[in-house]
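Okay, so here's the structure we're looking at.
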Amino acid sequence: MSESVRNEKDNIRRLVLIVDDEQINRRLLGRIIEGEYDVIYAEDGEQALDLIRERQKTLSIILLDLIMPKIDGYELLNIIRDDHELSRIPVIVLTSERTAEVKSLQLGAADFIPKPYDMPEVILARVRRSIELAEDNIMISATETDTLSGLYTKKYFFQHCRRYDRYYPDVPMDAVAFNINRFHLINELNGRSYGDTVIAAVAAQLRRIISESEGIACRCDSDVFLMYIKHCDDYDSILNSITSGLNSAVGNSRIHLRMGVYRNCDKSADVEERFDRANFACNSLRVSYSTSFTIYDDTMRKRAIYAEKLIGDMDAGVANRQFKVYYQPKYNITGDEPVLSSAEALIRWDHPEYGFVHPASFIPLFEKNGLVHKLDQYVWKEVAVQMREWRDKFGITIPVSVNVSRLDIYDPELESMLLGLVKENGLEPYDYILEITESAYTDNSAQMTETVNKLREDGFRIEMDDFGSGYSSLNMLGSLYIDAMKLDMLFIQKMCEDAKGMKMIQLMIDIARFLNIPVVAEGVETQEQYDLLKKAGCDVIQGYYFSKPVPPEEFEKFIEAMIKQH
Amino acid sequence: MLTLENLKEFGANVEEGVTRCLDDEEFYIDLVNSSISDSRIDELEELIAAGDFDKAFEVAHALKGMYGNISLTPLFKPVSEITEKLRRREQGDYSDLLNEAKAQKAKLVGIYNARN
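Residue numbers (this note's numbering), protein chains in the order written: chain A, 465 to 1030; chain B, 4 to 119.
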């Protein structure tokens, strides 16, 4: 046998154990393979077992006779098969019996060499092949399993799920996703090795569940686990048993899991997609301090698909002018009669597939991924052009407020862009009102203060939007210069419910008085709300009480009425 | 010292035996030599006579493997037949087969002794 063939995989000389009670057979077989392998011998099963245990780390293969005194070959095969460590060593059975071959293979033998022995080349080829297969198998197992949890890795998990489906196409199955609440904090507070202990403890619980319910499990990301098990109804008990097992293992009752279950999976969907659904359900649970689970339902997926579609369609929407700017009038109510003082520009999306889409459906999505910046710029431009058109048509400037998202504040070009817009359209910054939501002020108040102050110096008026919904401190309000305070709509909705609601309104109006700025109430719908707000000293009112947001051509009716009024 | 010629005359499949020994004729002869001192045919006869068929099967099976591997066909044949009968735990008469095995063994020993 040539050296190159002998060591084709590497230069390691592998160790072979020959077990045969017949000395001549041992010598003959040893002669055949010793050119390529290091060989050790045992003349009965007992001696073989001692050698196997002693050399288990280095032994590459066992060539085993079956009929021997003391421990025979079958018994030895059983012992090897049942021992996790030993079972990685392949065994080739030496036999002259056809029936023994079948039984040996059933007991885990990798192959057999018939007696009298084959041609030496054939024997060597069988030995070589069995060693290679076993070593490949170990390599595969190493990548198949996550070392920390002992569970499958994601890639192999999905393969095993598919295989399970092939064998049991009619068994109803559930896809389950878990993660550990605030795992990054557990790691940070207790150290990474404690985090590893938690992962291992969760994995141990999952192994228990899958052994009871005939399932498969994997650890797919740092603290995300997936489980594919036979359909069941009682996930409360499963989650409770995992949690209590976990807590007693790590001695910490403050570790909680979230679990999403896609029950009775649609097997026509890809395996990955099924677990996307389980994950989706899992992630829909708000981070809480208690263990909880939710069952996936299709509306969740539809919502997600809808959201993705909106995100994907935004650019085309801007390019094709599908976004329409609507205007809602704001009335000054400090005099005897309400007077149109300005408007708020609000966006609507005339989507080619979904029709009119409300901003509540897409603004939060676009805020999350930054697209809102582009959309805001589109609106600002539309508004500036519209204001100019009205001024040209009616001879007066109607002030309009536009929304400035928190992301816009961090745009270094914000100031120059807004100034450019008003200048291009011959407007005064004073008439171009900027609404900034209260919560944006708390993100990075230094940057906010600087940007707001610069814009005010340029002449823009700033309205603090949604006042009362964020967490402004009195200290911050004192240091921030704003031109109007716009009460959060929720306060208006609740003001008539009880005395407390009205007291809150009064309190906020008092703060505005202290800051010497007007108060704007939006979302005003009823006469009662109007009367109460007027009585409380509110300055400006916006809402369905006067009008819903309308297209620019409809808004002109309000301008015309105001002109007549004067 | 046995020679390949002697073994061929005895009826051994020398070519097969030597091939199995990676064409090392000396090693093959050495293996055959070491089978000369094996007394398990006598042991086998005793076990059969005593009715210990389990143990007898183990011995016959071992001999069959050994003679097969060194291609001593005249010994392999009767020992194989004995092994198969014992596998079935046949109670019948083993004497012809045993005598044949013993005679072949004696013949081989005779050749061996004549050469030494």
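Note that the Cβ used here is the ideal one computed from N, Cα and C, for glycine as well.
Since the structure is predicted, the reported quantities are computational estimates derived from the model, not experimental observations.
Checklist entry - Are the beta-carbon atoms of Ala976(A) and Met959(A) separated by less than 8 Å? => result Their beta carbons are not under 8 Å apart, which means Ala976(A) does not touch Met959(A) by this criterion.
Item to check | Short CB-CB distance (under 8 Å) between Lys110(B) and chain A | outcome: Nearest CB-CB separation between Lys110(B) and chain A: not below the 8 Å threshold.
Next on the checklist: Count Cβ pairs between the segment 665-685 of chain A and the segment 693-712 of chain A that sit closer than 8 Å; are there 3 or more?
Outcome noted: Yes, the segment 665-685 of chain A touches the segment 693-712 of chain A.
Next on the checklist: Between which residues of its own chain and Leu62(B) is the CB-CB distance below 8 Å, once the five residues before and five after are set aside?
Outcome noted: For the record, residue 62(B) in the displayed sequence is Val; it is not Leu. Sequence-distant partners of Val62(B) (beyond 5 residues in either direction) whose C-beta falls short of 8 Å from its own C-beta, in its chain, are Arg43, Glu46, Leu47 and Leu50.
Item to check | Below-8 Å beta-carbon distance, Leu34(B) vs any chain A residue | outcome: Chain A contact via Cβ: present.
Checklist entry - Does Gly14(B) come within less than 8 Å of chain A when only Cβ atoms are used? => result For Gly14(B), no Cβ of chain A is located within less than 8 Å of the residue's own Cβ.
Checklist entry - By Cβ distance, which residues of its chain are closer than 6 Å to Gln850(A), with the 5 residues on each side in sequence left out? => result Spatial neighbours of Gln850(A) in its own chain (CB-CB distance under 6 Å, excluding positions within 5 residues in sequence) are listed in chain order as Pro1016.
Item to check | Contacts that Asn72(B) makes with chain A (C-beta to C-beta distance below 9 Å) | outcome: The contacting residues are Glu486, Ile488, Asn489, Leu492, Leu493, Lys579, Pro580 and Tyr581.
Checklist entry - Contact check, Ala598(A) vs Arg552(A) under 8 Å by CB: the rounded distance? => result Sure, about 7 Å apart at Cβ, within 8 Å.
Checklist entry - Which partner residues does Arg852(A) have in the DSSP bridge list? => result In the DSSP assignment, Arg852(A) forms no beta bridge with any residue.
Checklist entry - Are the C-beta atoms of Ile497(A) and some chain B residue less than 8 Å apart? => result Contacts with chain B at 8 Å (Cβ-Cβ) do not include Ile497(A).
Checklist entry - If Ile525(A) sits next to Ile587(A), beta carbons under 8 Å apart, how far is it from one beta carbon to the other, in whole angstroms? => result That belief does not hold up - the Cβ atoms of Ile525(A) and Ile587(A) are roughly 12 Å apart, past 8 Å.
Checklist entry - Taking Val82(B) as the reference, which of Glu103(B), Asp57(B) and Arg91(B) has the closest Cα? => result Comparing Cα positions, the closest option is Glu103(B).
Item to check | Continuous alpha helix (DSSP H) assignments of at least 4 residues falling wholly in the segment 34-75 of chain B | outcome: Runs found: 43-52 and 56-72.
Next on the checklist: DSSP has Ile926(A) in a bridge; who is on the other side?
Outcome noted: BP columns for Ile926(A) point to Leu898(A).
Next on the checklist: Please report whether the beta-carbon of Ile516(A) lies at a distance below 8 Å from any beta-carbon of chain B.
Outcome noted: Taking Cβ atoms only, chain B never reaches closer than 8 Å to Ile516(A), which makes this a no.
Checklist entry - Cβ of Glu46(B) less than 8 Å from any chain A Cβ? => result It does not: the Cβ of Glu46(B) has no partner Cβ on chain A nearer than 8 Å.
Checklist entry - Between the beta-carbon of Gly71(B) and the beta-carbon of Ser560(A), is there less than 8 Å? => result Contact flag set, yes.
Checklist entry - If you count every other CB in all the chains shown that lies within 10 Å of the CB of Phe978(A), and 16 or more means buried, which is it? => result The residue in question, Phe978(A), is exposed, as its Cβ has fewer than 16 Cβ neighbours within 10 Å.
Next on the checklist: Considering only their Cβ atoms, is the gap separating Gly724(A) from Phe757(A) smaller than 8 Å?
Outcome noted: Yes, they are a contact pair.
Item to check | Cβ-based burial, Asn471(A) [other Cβ within 10 Å; buried from 16] | outcome: Residue placement at Asn471(A) is flagged as unreliable, the pLDDT there being 42, under the threshold of 50; the coordinate-derived value follows with that caveat. Result: exposed.
Item to check | Alpha carbon of Gly95(B) to alpha carbon of Asn601(A), nearest angstrom | outcome: Approximately 50 Å between the Cα atoms of the pair.
Checklist entry - When the Cα atoms are used, what is the spatial distance from Asp536(A) to Glu93(B)? => result In this structure, the straight-line span from the alpha carbon of Asp536(A) to that of Glu93(B) is close to 23 Å.
Next on the checklist: Just checking: is the beta-carbon of Ser568(A) within a distance shorter than 8 Å of some beta-carbon in chain B?
Outcome noted: Chain B, which has no Cβ nearer than 8 Å to the Cβ of Ser568(A), makes this no.
Checklist entry - Is it buried or exposed for Thr563(A), if we count other Cβ within 10 angstroms and need 16 for buried? => result With fewer than 16 other Cβ atoms within 10 Å, it is exposed.
Checklist entry - Taking the alpha helix (DSSP H) that Val714(A) falls in, what are its first and last residues? => result Element bounds for Val714(A): Tyr699 to Val714.
Next on the checklist: Taking beta-carbon pairs under 7 Å, can you tell me which members of the segment 520-535 of chain A lie near chain B?
Outcome noted: Correct list: Ile531.
Checklist entry - Residues bridged to Thr609(A) by DSSP? => result The partner list for Thr609(A) (beta bridge, DSSP) reads Tyr616(A).
Item to check | Interface residues of chain A facing Met4(B) [CB-CB closer than 7 Å] | outcome: In chain order: nothing, as chain A lies at least about 18 Å away.
Next on the checklist: Using a Cβ-Cβ distance cut-off of 8 Å, determine whether Lys11(B) contacts chain A.
Outcome noted: So no, Lys11(B) is outside the interface.
Checklist entry - Residues of chain A with a CB under 8 Å from the CB of Ala65(B): which are they? => result Neighbours of Ala65(B) on chain A, chain order: Asp485, Glu486 and Ile531.
Next on the checklist: Buried or exposed for Lys473(A), going by 16 or more other Cβ atoms inside 10 Å?
Outcome noted: Bear in mind that a pLDDT of 48 at Lys473(A), under 50, signals an unreliable position, so the number given afterwards is only what the model happens to contain. So Lys473(A) ends up on the exposed side.
Next on the checklist: Please classify Phe13(B) as buried or exposed, where buried requires at least 16 other C-beta atoms within 10 Å of its C-beta.
Outcome noted: Residue burial is scored here from C-beta neighbours: Phe13(B) has at least 16 other C-beta atoms within 10 angstroms and is therefore classed as buried.
Next on the checklist: DSSP has Thr758(A) in a bridge; who is on the other side?
Outcome noted: Per DSSP, Gly724(A).
Next on the checklist: Could you tell me the alpha carbon to alpha carbon distance between Pro793(A) and Ala963(A), rounded to whole angstroms?
Outcome noted: Cα-Cα distance, rounded: 29 Å.
Next on the checklist: List, in chain order, every chain A residue whose beta-carbon is nearer than 9 Å to that of Ser37(B).
Outcome noted: Those are Gln487, Ile488 and Arg491, listed as they occur along chain A.
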